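For the record, the sequence lines run as chains R and H.
Note that the working numbering has the first sequence beginning at 1, numbered continuously upward.
Note that the working numbering has the second sequence beginning at 1001, numbered continuously upward.
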Amino acid sequence: MPDLFTSGFLTALVVGGLVAGVPLLFAGLGEIIAEASGVLNVGLEGMMLAGAFIGFVATLLTQNVWFGLGAGAVAGLLLSLVMVLFCIRLGLDQIVVGVAIVLTVEGATAVLHATLYGESYPRLDAAPRFAIPFLSDLPVLGGSLFTQPVIVYLGFILVGVVAWVLRNTSVGLHLRAAGEQPASLDAAGVDVVRIRSVAEMVCGALAGLGGAYLAIVGAGTFVPFVTNGMGFIAIVIAMLARGRAWWSVIGAFLFGMSLSLTTALQLVGIDVPVDVVQMLPFVSVIVVLVIFARDARLPSALGLPYLRGSR
Amino acid sequence: MTSPLTSPEAVVDVAPPTTRGAGLGDALVRSLGPIVLALITCGALLAIVGRDPVAFYSDILQAGLVRPSGLQDSITRMAPILLVAAGMIVAFRAGMWNLGSDGQYLLAAACVAGTAPNVLAAVPAPLGWLVLGLVGMAVGASWTLVPAWLRARYGLNEIVTTLMMSFVGTGLANLLIKGPFDGPSTVPQTAVVDPSLLLFDLPGTRIHIGVIVALIAVAAVYWVFSRTSFGMRIDVLGANARAAQHVGIRVSRLIIVTFLLSGALMGLAAAVDMLGIFGYMRADWNPAYGLKVVPLVFLARLNALAVIPFAAFFSVLSIGGEYAARRAQLPSDFLLLVIGLVLTFMVVTQYLTDKRDRGEPILPRRRAGMARA
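Written out as structure tokens, the structure is:
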């Protein structure tokens, strides 16, 4: 039995988990916001994929990571407008529209990727990293843990901001009320449709950002279906989070760890089949769901369109 | 307790068992409108990426419908599509979103393909087919157990659980093929079944009898929902779980039973594909029927018989589409785009016709804030 607790193993596991989990951090955070407001965004996977593709193209054209990440967020936001129009404004079924978004984007990005880059398969340069002074000098993990692209730090700051907004501001209160008792919120004079629209757009932008990170910072390239179910995992994280933004960090980190476990195990000489790697995040999600099933709770008006005057 | 989400039954008005004459035009608009709109949009997109849409679509028709071998392939392709659709209808009418059919299908396919050479060597072929069909059904059904139990016991949303199980099933199928079921070939795939032991073809064609099995299954599902109290109970559950509880239906048990039935039909689809066409399964092979079949069952308004023409359309599209995409140097994932747009236009058409039926103006009134959206 090789020694598991070498510093190489730990670094690979923790740092790898952190980096691999960041796309999920953004997407999960977005879905937590959307679900709190009563919108189940099944199209999350599609929004991440669109963000990944557009972000990749923008970075390739401008050679600027920030443009790429921004373009990815915009792509996700634009897609979320489909949900806003069809589901929040017109009250159509959120699940069907979500599935439609996933299918359409999967097809569109695969076709566009084949027509634009089918022969060249371009790659991006590694994203610049920023070492936090002092922290990055800490022994064992410090160096690799605190030398990350700036967007990673921003992601964690954003989680704090969202947690604070949801808990401590009137906007957060309105958001949660839109998910629990939209009629009461409406009676109190707040526009439910507007609150939900904003939540959905924020969710779309964050999902697009997460996808863009995946392609630009994570993989350095775009391949069709690159998100590979990550958007659906983000939905599970949001279900377990019950509106607590910090949970997106835990969920993302757990997911990232189950991805990086393979690399880490390979470092100490244990080979794991690639199928196990791809399965592991989903297995862990199922196990978590089975254990915490009684705790998973959805806002009482989730998925139900709110149209004033109906019922 | 239970998740408040809309059930699939709420998406479309489930078609009444008999629709004679009245509303036929309406049904045609609702069913064909989205398909036509999606094909037009995709044609425009093809033109944008510099392909000739007319040539593309005529390639599809040529390869999927006109050419006799293509027509036979299309009819053969209908078998798994119909069975997956039947599986979805059973679950959807109960209000259960079983979106994990890919994992159920692949795992069943791996188990059937992995055991088929031994089973068919040991017993006469027809008995072997029966056994393998049951194996496929059992495996497919078993893969719905966890989502079904979580939904029945804790009301945990089944969309995500079936999807998660689907990804696990896909990985597990690959592990099985690379591990215990790996055949003599150098690439990871199961041992190939002797072609003479595969399902019979219909006389004079390459269409195997699995298509008949699929048609029987679809007819059976239709019969269950139109003629039996069991189907009625499922419909009540789908319409309103609380009402079902109040009229004395054992909701938890019914949820699990419908999930098992749904998974069994997915598994049967896999068995029919393995025993009818392939005779072996290669690692990482995934036809991914799952989400693509969702629009078909909604277009058919969850009516098992009405699904047949849509399955035929989809089969032509997928058989012809593979050829057309190859000729146009596009990935066959183009099909996803078509199907995604069909689904999008379907909800829009549904919305507009519903609005018209209620006598409201078809175009949405401009509300405050609309312009900003």
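Yeah, the Cβ is synthetic: ideal placement off N, Cα and C, and Gly gets one too.
Computed from a predicted model, the values in this text were never measured in an experiment.
- Task: Spell out a yes or no on whether the stretch 28-48 of chain R and the stretch 67-80 of chain R are touching, meaning 3 or more CB-CB pairs, one atom from each, closer than 8 Å.
- Result: yes
- Quick one: give me the first and last residue of the alpha helix (DSSP H) that residue 1246 of chain H is part of. Within the second sequence, numbered from 1, the residue matching residue 1246 of chain H stands at position 246. Element bounds for residue 1246 of chain H: 1241-1246.
- How big is the Cα-Cα spacing for residue 290 of chain R and residue 1150 of chain H? Here residue 290 of chain R corresponds to residue number 290 of the first sequence, with the count starting at 1. Here residue 1150 of chain H corresponds to residue number 150 of the second sequence, with the count starting at 1. Each residue's alpha carbon lies about 7 Å from the other.
- Mind checking whether residue 122 of chain R and residue 209 of chain R have CB atoms under 8 Å apart? Position 122 of the first sequence, counting from 1, holds the residue named residue 122 of chain R. Position 209 of the first sequence, counting from 1, holds the residue named residue 209 of chain R. Taking 8 Å as the Cβ cut-off, residue 122 of chain R and residue 209 of chain R do not qualify as a contacting pair.
- Query: The alpha helix (DSSP H) with residue 1050 of chain H in it runs from where to where?
  - Reply: For this step, residue 1050 of chain H is matched to residue 50 along the second sequence. If you look at residue 1050 of chain H, you'll find it isn't in any alpha helix (DSSP H); DSSP assigns it neither H nor E.
- Task: Buried or exposed for residue 1066 of chain H, please, with buried defined as at least 16 other CB atoms from any protein chain shown within 10 angstroms of its CB.
- Result: Sequence index remark: in the second sequence, residue 1066 of chain H carries index 66 (1-based). Residue 1066 of chain H should be labelled exposed.
- Item | the stretch 1176-1191 of chain H touching the stretch 1261-1272 of chain H, judged by at least three CB pairs closer than 8 Å | no
- Message: I'd like to know if residue 298 of chain R contacts chain H, where contact means its C-beta is closer than 8 Å to some C-beta of that chain.
- Response: Translated into the one-based positions of the first sequence, residue 298 of chain R becomes position 298. Closer than 8 Å to some Cβ of chain H, the Cβ of residue 298 of chain R qualifies, so yes.
- Within the stretch 54-138 of chain R, ranges of the alpha helix (DSSP H) (whole runs, at least 4 residues): 65-83 and 94-117
- Measure how close the beta-carbons of residue 1147 of chain H and residue 1259 of chain H come, nearest whole angstrom, since I'm counting them as under 8 Å. As a working mapping, residue 1147 of chain H is identified with position 147 in the second sequence. As a working mapping, residue 1259 of chain H is identified with position 259 in the second sequence. Contact flag correct, Cβ pair sits at about 7 Å.
- Task: Kindly list, in the order they appear in chain H, the residues whose Cβ is closer than 7 Å to that of residue 250 of chain R.
- Result: Residue mapping note: residue 250 of chain R aligns to position 250 of the first sequence, counting from 1. Within chain H, no residue comes near residue 250 of chain R; the closest Cβ sits about 17 Å away, beyond 7 Å.
- Task: Kindly provide the ranges of any alpha helix (DSSP H) runs that are 4 or more residues long and lie completely inside the stretch 232-289 of chain R, ordered along the chain.
- Result: 247-267
- Residues in the stretch 251-279 of chain R having any Cβ partner in chain H nearer than 9 Å: 273, 274, 275, 276, 277, 278 and 279
- Task: Could you tell me if residue 207 of chain R is buried or exposed, where buried requires 16 or more neighbouring beta carbons within 10 angstroms of its beta carbon?
- Result: Taking the first residue of the first sequence as position 1, residue 207 of chain R is located at position 207. With 16 or more Cβ atoms within 10 Å of its Cβ, residue 207 of chain R is classed as buried.
- Task: Assuming residue 13 of chain R and residue 248 of chain R form a contact by the criterion Cβ under 8 Å, report the distance between their Cβ atoms to the nearest whole angstrom.
- Result: Here the question's residue 13 of chain R lines up with position 13 in the first sequence. Here the question's residue 248 of chain R lines up with position 248 in the first sequence. Contact check for residue 13 of chain R and residue 248 of chain R: beta-carbon distance about 20 Å, past the 8 Å limit, so the pair fails to qualify.
- Item | Cut-off 8 Å between Cβ atoms - residues of its own chain near residue 1201 of chain H, not counting five sequence neighbours on either side | Position 201 of the second sequence holds residue 1201 of chain H. Closer than 8 Å at Cβ, skipping near neighbours: 1207, 1208 and 1209.
- Query: Around the Cβ of residue 1021 of chain H, are there at least 16 other Cβ atoms within 10 angstroms (buried) or fewer (exposed)?
  - Reply: Here residue 1021 of chain H refers to the residue found at position 21 when the second sequence is read from its first residue. In this prediction, residue 1021 of chain H scores a pLDDT of 48, lower than 50, which makes its location untrustworthy; the coordinate-derived value is nonetheless stated afterwards. In summary, residue 1021 of chain H is exposed, with fewer than 16 beta-carbon neighbours lying within 10 Å of its beta-carbon over all protein chains present.
- Task: With 8 Å as the limit, tell me which residues of the stretch 1330-1342 of chain H have their beta carbon closer than that to any beta carbon of chain R; keep them in chain order.
- Result: Taking 8 Å as the Cβ-Cβ cut-off, the stretch 1330-1342 of chain H approaches chain R at 1330, 1331, 1333, 1334, 1335, 1336, 1337, 1338, 1339, 1340 and 1341, given in chain order.
- Based on the DSSP output, what are the partners of residue 1189 of chain H in its beta bridges? Sequence index remark: in the second sequence, residue 1189 of chain H carries index 189 (1-based). DSSP lists H:1282 as partners of residue 1189 of chain H.
- Interface residues of chain R around residue 1175 of chain H at Cβ under 9 Å? As a working mapping, residue 1175 of chain H is identified with position 175 in the second sequence. Near residue 1175 of chain H (Cβ distances below 9 Å), the residues of chain R are 273, 275, 276 and 279.
- Item | Near-chain R residues of the stretch 1342-1360 of chain H (beta-carbon distance less than 7 Å), N- to C-terminal order | Answer in chain order: 1343, 1344, 1347 and 1351.
- When DSSP builds the beta bridges, which residues end up paired with residue 1208 of chain H? Working through the second sequence from its first residue, we reach residue 1208 of chain H at position 208. Beta-bridge analysis with DSSP links residue 1208 of chain H to H:1201.
- Determine the burial state of residue 1130 of chain H: buried for a count of at least 16 other Cβ atoms within 10 Å of its Cβ, exposed for fewer. Position 130 of the second sequence, counted from the first residue, corresponds to residue 1130 of chain H. Residue 1130 of chain H is exposed by the Cβ-count criterion.
- Straight-line gap, residue 8 of chain R to residue 1128 of chain H (C-alpha atoms, nearest Å): For this step, residue 8 of chain R is matched to residue 8 along the first sequence. For this step, residue 1128 of chain H is matched to residue 128 along the second sequence. Going from the Cα of residue 8 of chain R to the Cα of residue 1128 of chain H covers about 53 Å.
- Query: Are there three or more Cβ pairs, one per stretch, closer than 8 Å when the stretch 1289-1298 of chain H is compared with the stretch 1109-1123 of chain H?
  - Reply: no
- For residue 1182 of chain H, which residues does DSSP report across the bridge? Taking the first residue of the second sequence as position 1, residue 1182 of chain H is located at position 182. H:1190, per the DSSP bridge assignment.
- Task: Going by CA-CA distance only, name the one from R:179, R:285 and R:157 that's closest to residue 301 of chain R.
- Result: Walking along the first sequence from the start, residue 301 of chain R turns up at place 301. Nearest C-alpha to residue 301 of chain R: R:179.
- Task: With 8 Å as the threshold, decide whether the Cβ of residue 1307 of chain H is near any Cβ in chain R.
- Result: Position 307 of the second sequence, counting from 1, holds the residue named residue 1307 of chain H. Not one chain R Cβ lies under 8 Å of residue 1307 of chain H.
- Query: Mapping DSSP to helix, strand and coil, what is residue 1116 of chain H?
  - Reply: One-based indexing of the second sequence puts residue 1116 of chain H at position 116. Helix.
- According to the Cβ coordinates, are residue 99 of chain R and residue 196 of chain R closer than 8 Å? Locating residue 99 of chain R in the first sequence gives position 99, counting from the first residue. Locating residue 196 of chain R in the first sequence gives position 196, counting from the first residue. No. Outside cutoff.
- Message: With a threshold of 8 Å, are at least 3 pairs of Cβ atoms found where one atom belongs to the stretch 62-70 of chain R and the other to the stretch 218-226 of chain R?
- Response: no
- Message: Check for me: the alpha helix (DSSP H) holding residue 1336 of chain H runs from which residue to which?
- Response: Taking the second sequence and counting its residues from 1, one reaches residue 1336 of chain H at position 336. Taken as a continuous stretch (DSSP letters only), the alpha helix (DSSP H) holding residue 1336 of chain H covers 1334-1357.
- Can you grab the Cα-Cα spacing for the pair residue 84 of chain R / residue 36 of chain R, in whole Å? In the first sequence, counting from the first residue as 1, residue 84 of chain R sits at position 84. In the first sequence, counting from the first residue as 1, residue 36 of chain R sits at position 36. Cα to Cα, residue 84 of chain R sits roughly 15 Å from residue 36 of chain R.
- Message: If you follow the alpha helix (DSSP H) that residue 1072 of chain H is in, where does it begin and where does it stop?
- Response: If you number the second sequence from 1, residue 1072 of chain H lands on position 72. Start and end: 1068-1093.
- Given a cut-off of 8 Å, decide if residue 1083 of chain H and residue 1316 of chain H are closer than it, judged by their beta-carbon atoms. Position 316 of the second sequence, counted from the start, is the residue given in the question as residue 1316 of chain H. Position 83 of the second sequence, counted from the start, is the residue given in the question as residue 1083 of chain H. Taking 8 Å as the cut-off, the beta carbon of residue 1316 of chain H is found no closer than this to the beta carbon of residue 1083 of chain H.
- State yes or no: is the beta carbon of residue 314 of chain R nearer than 8 Å to at least one beta carbon in chain H? Since the first residue shown for chain R is 1 and the last is 311, residue 314 of chain R is missing from the structure and cannot be characterised.
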